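Data block below; observations after.
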Amino acid sequence: AILFFIGSVLGAFPDNVLVPQTGAPVSITDILIISIMSTVGAIVGYFVLSRIFSVARAKQIFTILAVLVLLGMATTPFSIPDVPMLQIVLLEVMHVVLGGALVYYLVKA
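For the sequence shown, counting from 1, position 46 maps to 28 in my numbering; every step adds exactly one.
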């Protein structure tokens, strides 16, 4: 959320750049909903893996899956037509920060 507000002040999230899936500009609500859904998905995924496999194996599988999901999500900001480069950079940083924090804290737990 902090990166979104910084980007908004810098003009990285203009109102005239619309996300194709929603037909609306990127908003703080979108960022929060996606962040919460990703967090819940990661927690549930790690919980399921830790019940099926040994803890060490679950951590390994979860980390690999998380990296693959992050790589897959890296292309999503480029699907927005006429998106400013700063918006792409900030969205990518948001992906890495949230994904990295989830992997770090869930695997550490």
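For glycine and all other residues, C-beta sits at the position ideal for the given N, C-alpha and C. Predicted model only: the values in this text are computed from it and were never measured.
Buried/exposed call for residue i, threshold 16 Cβ in 10 Å
i       : result
Ala(-6) : buried
Phe24   : Before going on, a small fix: residue 24 reads as Ala here, not Phe. Answer is buried; the Cβ neighbour count reaches 16.
Gln3    : exposed
Residue i - partner residues in DSSP beta bridges
i    : result
Ala6 : Val1
DSSP-derived helix/strand/coil call for residue i
i        : result
Asp12    : helix
Ile43    : helix
Val49    : helix
Phe35    : coil
Ala(-17) : coil
Ala83    : helix
Nearest-angstrom beta carbon gap, residue j and residue i [assumed within contact, 8 Å]
i     : j     : result
Leu52 : Gly81 : 4 Å
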